[in-house]
Amino acid sequence: MMTTTATEIVSTPDDRSGEHDRVLPGEIDASCRWTVLALFVGALFWLVAASGLQALSSVKLLMPGLLAPWEFLTYGRLEGAVSCGLVFGFAIPALMALLTWIQCRLGGQSLAGSLGFWIFGSMWNLGVLGSVLGILAGDGSGLAWFELPLYGAAPMAAAYIVGAGVLLLNVKLRAVREMHVSQWFLLLAVIWFGWAFTVAVLLNQTLSSGLVHLLVGYWFKQQMFFMTLLPGALAVVFYVLPKVAEAPVRPRSLVLFAFWTFVFIGPWGGIPQSAPLPAWMVSVGVVASTLVLVPILATILTVYETLGGNCGSLRKTSEGSLVMGSVLALALFAVMNWVRNWSGVAGVVELSVFSKGMSLLLVLGVCGLGVLGGIHHVVPKLTHSQWLQPSWARIHGTASILSVAAVVAGLILAGMFQGLQSNKLGSTASEIAGAARPMLALSALGCLSYFLAQSALFGAVLWQSALACRACCVPCLVDWAKDQRVEKAEVGR
Amino acid sequence: MKHGPFILVGLLLASASSWCGMVLAPLVQWRDLQPEKDEGTATYYPSRRSGLAEQGSEVYRAMGCFHCHTQIIRGRGLGMDLEKGLGTRRSVAIDFLYDHTVMPGETRLGPDLANFGVRSRKAGDTNGALARRSILVKLFDPRSVNSASIMPSYAHLFEVRKISRTPSPEALVLSPGAGAQSGFEVVPKPEAIALAAYLTSLDSQKSVFVAPVPKPVKKGGEKGTNASPSVVVETHSAPPK
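Order-wise, the sequence lines are chains A and B.
If you read the first sequence in this note's numbering, its first letter stands for residue 367, the second for the next number, and so on.
If you read the second sequence in this note's numbering, its first letter stands for residue 1005, the second for the next number, and so on.
And the structure:
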């Protein structure tokens, strides 16, 4: 059952041209192993670092005197570093690693051009390191979720072009020509991010107007969230889900409709109603945010149909739970993204921590849980060993879901209370902050538990990788030692 | 779908159209964005900030102040910013025409700063010196000004040093218990002075073509309105005289 690939599930015999060239899954995993594991380790390092900084910043919101003399740990700088670490440090490279492995499995091919991924991984992580340190030192760009300084962004853009180029080359070289649903979303995420990221970096460096930077910042955030992280997560969901549920993705026409409507509606939203932009842009953004409900609901309906209404089957495994968490987060995000644009609601929640809650719902909930589910699914296959304790994997999955729920619920509720208090005539800034305080405490608690859960996962992946390395290296060393002994004996004779 | 090129063309088409619509079109629209002349005072809005205030905006960006403070006034029907007197009109693009880095912010954990320069000045403070002083005190120790403030201290923007023969004229006047030990004084570093200059320069109250300031009319018999005490909006329903 678990050995059936998703391609086999969705393909009809006529579609499977090139099937005879397919490489066995074991060989595919062997070709991807160290490349994908190295990308996972880098991504999880940044997840731990960013979630640790996020926990610190959320506590600082409640205890403003904490570490106050440390200039590089002020709340504003921490927030910039957190967003950089979460999105560019964790989400993008983890998605690249997962999508690479998924492409090889679905394409029935060994990984080609692994050197390109190593170049991508090392340059990208150096760029992220430079960016995070730069932001903490005060070199952030001033654009929320896109605070990368040039000396960090430039190598990252170059690295991404290399990494995405090699991944697209692998798509081109696939043995199985029929493309699985996951591969559609994979292509969408990889191509779109490359385009949006390089354009945003170039525009921000070549044009000096602050208004242009602001515009590019809003546009890039939407492309990154909606057209990269979300489809990347869906690529993982549509790969893992049929495996866990032991059923093909269906109905295919519905997911095809969801894909194309999403492609043409998704990039137009994301403009806050209060943004100092032309009114027509705000209107277009509101309409797009409403219409994007259609593809998202179609996607969720596809997931429901694929499961055959039996969502309980997903709870049996940690990756199933995490992927289901991602889908539920997507449903919640779609509805709240629609509701937040109602005029009465927008007046309350806009410019409150509600916006941050929504961003984290997408980054940590939809994308983060999907990626973690993918890691739970892929790492044991790559290392040829089950998790040290399968129950620990389930505990990690549950802890991650609950932590994300606490972080997001805390911020969203805090935003609502903050907005309601803010709209009272005569309310002071302290009263407004006080109204949000209890829910901010819940969010801080969630941040702390999320940090602990991801630290444990990072340790487990390092351990599994070390075991795999030993299993791979020890026989080689033994053989080499044997050869040496034989050579010496022959020389002695 | 078997054909990668088909997907590629579709994606390129969609991404190009969104880029043209959401980036290129507003850039074309803003191509002719110019300062507007106030016929009454013969001055232009917006005007460039002073060099010191420009430096202050860099400090504002470097400190990440925009993560807690917005510089956005929302129009009627979207929050109560105008009713609360945070501004006289909604914020528009021209307000940021000369800003090298535009930082409207997304979250208002602290007060909005769009018109902070106007709000912080008290009567008689013509050159804003008193306002800058009070801002510096708040930056050094926010809770000495408001005990419930959640703003962190930016003490690293100040130097605590031993008083030499005469105290520095720039030394902060702090409430008892909030400052340094006796014999020491708290002197703002150039970054703090620049930041205070930037904050006092924030003023987007002027009427502009796309967002005119409603003309004030005398109050009379309008009970139960939510309008601010000083400004009542003229409605179009009133018959022309």
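All C-beta atoms, glycine included, are put in the ideal place defined by N, C-alpha and C.
Predicted model, so just to flag it, every value in this text is computed and none were measured.
- Message: Only counting the same chain, and skipping five residues up and downstream in sequence, which positions put a Cβ closer than 8 Å to that of N536(A)?
- Response: In the first sequence, counting from the first residue as 1, residue 536(A) sits at position 170. Within the same chain, T466, Q469, C470, G473, Q475, L477, A478 and G479 come within 8 Å of N536(A) by CB-CB distance, once the 5 residues on both sides are set aside.
- Expressed to the nearest angstrom, what Euclidean distance is found between the alpha-carbon atoms of E716(A) and R543(A)? Mapped onto the first sequence, residue 716(A) falls at position 350. Mapped onto the first sequence, residue 543(A) falls at position 177. About 46 Å.
- Message: Can you check which of these residues, A664(A), I637(A), S679(A) and L730(A), is closest to A712(A) by C-alpha distance?
- Response: For the purposes of this step, residue 712(A) is taken as residue 346 along the first sequence, with counting starting at 1. Measuring from the Cα of A712(A), the nearest candidate turns out to be I637(A).
- Query: For H579(A), which residues in chain B fall below 7 Å Cβ to Cβ?
  - Reply: Along the first sequence, read from residue 1 onward, the residue named residue 579(A) stands at position 213. What H579(A) touches in chain B, judged by beta-carbon distance under 7 Å, is T1105 and V1106, going in chain order.
- Message: Please state the DSSP three-state secondary structure of Y890(A).
- Response: Summary: the structure shown does not reach residue 890(A), with chain A confined to residues 367 through 859, and so no result is reported for it.
- Query: Whose CA, out of L786(A), P804(A), G583(A) and Q571(A), lies closest to the CA of G776(A)?
  - Reply: The sequence position of residue 776(A) within the first sequence is 410, counting from 1. Considering only alpha carbons, the answer is P804(A).
- Message: Distance check for G632(A) and T373(A), CA to CA, integer angstroms please.
- Response: Numbered from 1 along the first sequence, position 7 holds the residue referred to as residue 373(A). Numbered from 1 along the first sequence, position 266 holds the residue referred to as residue 632(A). Residue confidence for T373(A) is low, a pLDDT of 40 falling below 50, so the modelled location carries little weight; the figure read from the coordinates is stated next. The straight-line gap separating the alpha-carbon atoms of T373(A) and G632(A) is approximately 27 Å.
- Run down chain B in chain order and give the residues with a C-beta less than 7 Å from the C-beta of W585(A). The count along the first sequence starts at 1 and reaches residue 585(A) at position 219. The answer, in chain order, is M1026 and V1027.
- Throw me the rounded Cβ distance for the S1208(B) and G1091(B) pair, which I believe falls under 8 Å. Taking the first residue of the second sequence as position 1, residue 1208(B) is located at position 204. Taking the first residue of the second sequence as position 1, residue 1091(B) is located at position 87. Between G1091(B) and S1208(B) the Cβ distance is about 7 Å, and since that is below 8 Å, they are a contact.
- Task: Check distances from the C-beta atoms of the stretch 1123 to 1153 of chain B to those of chain A and list, in chain order, the residues that come in under 9 Å.
- Result: P1146, R1147, N1150, S1151, A1152 and S1153
- Assign A1020(B) to buried or exposed, taking buried as 16 or more other Cβ atoms, counted over all protein chains shown, within 10 Å of its Cβ. Numbered from its first residue, the second sequence carries residue 1020(B) at position 16. Counting the other Cβ atoms within 10 Å of the Cβ of A1020(B) gives fewer than 16, which makes it exposed.
- Task: Can you give me the Cβ contacts of T378(A) inside the same chain, cut-off strictly under 7 Å, excluding the 5 residues immediately before and after it?
- Result: Residue numbering aside, residue 378(A) sits at position 12 when the first sequence is read from its first letter. At T378(A), the pLDDT of 35 sits below 50, so the modelled position is not reliable and the matter cannot be decided from this model.
- Query: What three-state label does DSSP hand P1194(B) in the structure shown?
  - Reply: Against the second sequence, residue 1194(B) aligns to sequence position 190. Three-state DSSP puts P1194(B) in a helix.
- L814(A) and S766(A) closer than 8 Å at C-beta: Here residue 814(A) is taken as the residue at index 448 of the first sequence, counted from 1. Here residue 766(A) is taken as the residue at index 400 of the first sequence, counted from 1. No, the pair does not count as a contact, with Cβ atoms beyond the cut-off.
- Message: For R540(A) and H750(A), I'd like the C-alpha separation in whole angstroms.
- Response: The count along the first sequence starts at 1 and reaches residue 540(A) at position 174. The count along the first sequence starts at 1 and reaches residue 750(A) at position 384. R540(A) and H750(A): Cα-Cα distance of roughly 24 Å.
- For W708(A), does the count of other Cβ atoms within 10 angstroms reach 16, so buried, or fall short, so exposed? Start at 1 with the first residue of the first sequence, and residue 708(A) comes out as number 342. By the neighbour-count rule (16 or more Cβ atoms within 10 Å), W708(A) is not buried but exposed.
- CA nearest to the CA of A819(A), picked from G763(A), G583(A), K854(A) and P435(A): Against the first sequence, residue 819(A) aligns to sequence position 453. Nearest of G763(A), G583(A), K854(A) and P435(A) to A819(A), Cα basis: G763(A).
- Item | Any C-beta of chain B under 8 Å from that of D845(A) | On the first sequence, position 479 is the one that residue 845(A) refers to. Chain B contact via Cβ: absent.
- Chain-ordered chain A contacts of V1096(B) [CB-CB under 7 Å]: Here residue 1096(B) is taken as the residue at index 92 of the second sequence, counted from 1. Here the neighbours are P642.
- For the stretch 459 to 505 of chain A, which segments carrying the alpha helix (DSSP H) assignment without a break, of at least 4 residues, lie completely within its bounds, in sequence order? 480 to 503
- Task: Could you run through the stretch 697 to 715 of chain A and flag, in chain order, every residue whose CB is less than 8 Å away from some CB of chain D?
- Result: Reference to chain D is not applicable here, since the protein chains of this structure are A and B.
- Message: Check whether the stretch 719 to 731 of chain A and the stretch 1114 to 1133 of chain B touch, using three or more Cβ-Cβ pairs below 8 Å as the test.
- Response: Touching, no, given that fewer than three Cβ pairs across the two stretches are closer than 8 Å.
- Message: For F1188(B), list the residues DSSP reports as bridge partners.
- Response: Position 184 of the second sequence, counting from 1, holds the residue named residue 1188(B). F1188(B) is bridged to K1166(B).
- Strand pairing of K1041(B), partner residues [DSSP]: Translated into positions along the second sequence, residue 1041(B) becomes position 37. Partner(s): Y1048(B).
- Query: In chain A, which residues lie with their C-beta within 8 Å of the C-beta of D1099(B)?
  - Reply: Here residue 1099(B) corresponds to residue number 95 of the second sequence, with the count starting at 1. Here the neighbours are P642.
- Taking Cβ-Cβ distances shorter than 7 Å, what residues in chain B pair up with Q639(A)? The residue labelled residue 639(A) in the question sits at position 273 within the first sequence. Chain B residues near Q639(A): L1082.
- Message: Nearest by alpha-carbon distance to M1067(B): which of A1196(B), T1170(B) and L1134(B) is it?
- Response: Locating residue 1067(B) in the second sequence gives position 63, counting from the first residue. Of the candidates A1196(B), T1170(B) and L1134(B), A1196(B) places its Cα closest to the Cα of M1067(B).
- Item | Test: L791(A) CB closer than 8 Å to a CB of chain B | If you number the first sequence from 1, residue 791(A) lands on position 425. With 8 Å as the cut-off, L791(A) counts as an interface residue toward chain B.
- Item | Reduced DSSP category for P391(A) - H, G, I as helix; E, B as strand; rest coil | What you label residue 391(A) is simply residue 25 of the first sequence in a count that begins at 1. P391(A) falls in the helix class under three-state DSSP.
- D1085(B): buried (16+ other C-beta within 10 angstroms of its C-beta) or exposed? If you number the second sequence from 1, residue 1085(B) lands on position 81. D1085(B) is buried by the Cβ-count criterion.
- Report, in whole angstroms, the separation of the C-beta atoms of I501(A) and E513(A), which I expect to be a contact under 8 Å. Counted from its first residue, the first sequence places residue 501(A) at position 135. Counted from its first residue, the first sequence places residue 513(A) at position 147. Right, the Cβ-Cβ distance comes to about 5 Å (below 8 Å), so this counts as a contact.
- Task: Report yes or no: is there a C-beta of chain B within less than 8 Å of the C-beta of A601(A)?
- Result: On the first sequence, position 235 is the one that residue 601(A) refers to. Output row for A601(A): interface = no.
- Identity of the residue in T1111(B), S1051(B) and P1156(B) nearest I1076(B) by Cα: Locating residue 1076(B) in the second sequence gives position 72, counting from the first residue. When only C-alpha atoms are compared, the closest one is T1111(B).
- Item | Sub-8 Å separation of A1175(B) and E1189(B) beta-carbons | Looking up residue 1175(B) in the second sequence gives position 171. Looking up residue 1189(B) in the second sequence gives position 185. Taking 8 Å as the Cβ cut-off, A1175(B) and E1189(B) qualify as a contacting pair.
- Message: Taking 8 Å as the threshold (C-beta atoms), are G529(A) and G482(A) in contact?
- Response: Within the first sequence, the letter at position 116 stands for residue 482(A). Within the first sequence, the letter at position 163 stands for residue 529(A). Contact flag set, yes.
- Message: Here's the rule: buried if 16 or more other CB atoms are within 10 angstroms of the residue's CB, otherwise exposed. What is Y517(A)?
- Response: Residue 517(A) sits at position 151 when you count from the first residue of the first sequence. Exposed, since its Cβ has fewer than 16 Cβ neighbours within 10 Å.
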